[in-house]
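Visitor: Here's a structure for you.
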Amino acid sequence: MEDNDFCALNMADRERIRGKVIETLKQAGYDEGSMKLDQSFAVATEGEGELVIPIEILVHLDNEPALLVKCVRGNMATRERPALALARLLKDRPIPFAAVTTEREAVVFDAITGKPVGRGYGAFPGPAEAEQRLRDAADVRVPPDQQEREKRILHTYYHLRCTTEMEPF
Numbered sequence: 078m079e080d081n082d083f084c085a086l087n088m089a090d091r092e093r094i095r096g097k098v099i100e101t102l103k104q105a106g107y108d109e110g111s112m113k114l115d116q117s118f119a120v121a122t123e124g125e126g127e128l129v130i131p132i133e134i135l136v137h138l139d140n141e142p143a144l145l146v147k148c149v150r151g152n153m154a155t156r157e158r159p160a161l162a163l164a165r166l167l168k169d170r171p172i173p174f175a176a177v178t179t180e181r182e183a184v185v186f187d188a189i190t191g192k193p194v195g196r197g198y199g200a201f202p203g204p205a206e207a208e209q210r211l212r213d214a215a216d217v218r219v220p221p222d223q224q225e226r227e228k229r230i231l232h233t234y235y236h237l238r239c240t241t242e243m244e245p246f
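Shown next as structure tokens:
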């Protein structure tokens, strides 16, 4: 199988996973209009331009991102830490929740503490809980030294090839 075949397979898997997540989020009470699909985040790299990281689903409440979802194939544990880094760097304050999902499993994290808040597709917070968390964390900021650590985490996952063009994180 050629690289392009793997890439096409990977994208088909991501679409299937994303569809399952969207349905789950709608059942949890989110409006599909609050879900932004195929977003990305760019991190400057030393001497190499930008590292562009795809974000499959970004749920907004009152025009603020409240939940970042990464849809991945394979081992979720290798994607949990970069998902948290993204949630902490995407805006001027952390997004309250970050989730990593496969077709069979999901894990949702409190992006501020980094602790898991639930496992499985039933673990996604509902809109009321996400709104409350947005209010509670309104004054939380990621300190500059931690921002640098989070950027290094994203760079490391990319440069150590924990991901490839076939399997972007």
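Per the numbering used here, numbering through the sequence shown is continuous, rising by one, with the last residue being 246. Idealized CB from N, CA, C, for every residue including glycine.
Should the stretch 218 to 236 be regarded as contacting the stretch 192 to 201, the criterion being three or more beta carbon pairs within less than 8 Å?
Guide: no
Visitor: For residue 132 versus residue 112, is the C-beta distance shorter than 9 Å?
Guide: In this structure, residue 132 lies away from residue 112, with their beta-carbon atoms at least 9 Å apart.
Visitor: Exposed or buried, which one is residue 241 when buried takes at least 16 other CB atoms within 10 Å?
Guide: A caution first: residue 241 carries a pLDDT of 43, below 50, which makes its placement in the model unreliable, though a value can still be read off. The residue in question, residue 241, is exposed, as its Cβ has fewer than 16 Cβ neighbours within 10 Å.
Visitor: Enumerate in chain order the residues of its own chain whose CB-to-CB distance from residue 106 is below 8 Å, with the five nearest sequence positions on each side excluded.
Guide: Beyond the five residues adjoining it in sequence on each side, residue 106 comes within less than 8 Å, by CB distance, of 203, 204, 205 in the same chain, given in chain order.
Visitor: Is residue 113 helix, strand or coil by DSSP?
Guide: If DSSP states are grouped into helix, strand and coil, residue 113 belongs with the strands.
Visitor: Quick one: residues in its chain with C-beta nearer than 7 Å to the C-beta of residue 164, no 5 flanking neighbours on either side, listed in chain order?
Guide: 145, 171, 172, 175, 188, listed in sequence order.
Visitor: Nearest-angstrom Cα distance between residue 181 and residue 136?
Guide: 21 Å
Visitor: Distance, Cα to Cα, residue 115 vs residue 90?
Guide: 14 Å
Visitor: Do you know how far the Cα of residue 138 is from the Cα of residue 228?
Guide: Each residue's Cα considered, the two are about 26 Å apart.
Visitor: Could you check if residue 119 is buried or exposed, using at least 16 other CB atoms within 10 Å of its CB as the buried criterion?
Guide: exposed
Visitor: Note the first and the last residue of the continuous beta strand (DSSP E) segment covering residue 142.
Guide: 141 to 148
Visitor: Going along the chain, which unbroken runs of the alpha helix (DSSP H) with 4 or more residues stay wholly within the stretch 180 to 228?
Guide: 204 to 213
Visitor: Report, in whole angstroms, the separation of the C-beta atoms of residue 150 and residue 178, which I expect to be a contact under 8 Å.
Guide: Cβ atoms of residue 150 and residue 178 stay farther apart than 8 Å, at about 10 Å.
Visitor: Is residue 160 buried or exposed, if buried means 16 or more other CB atoms sit within 10 Å of its CB?
Guide: buried
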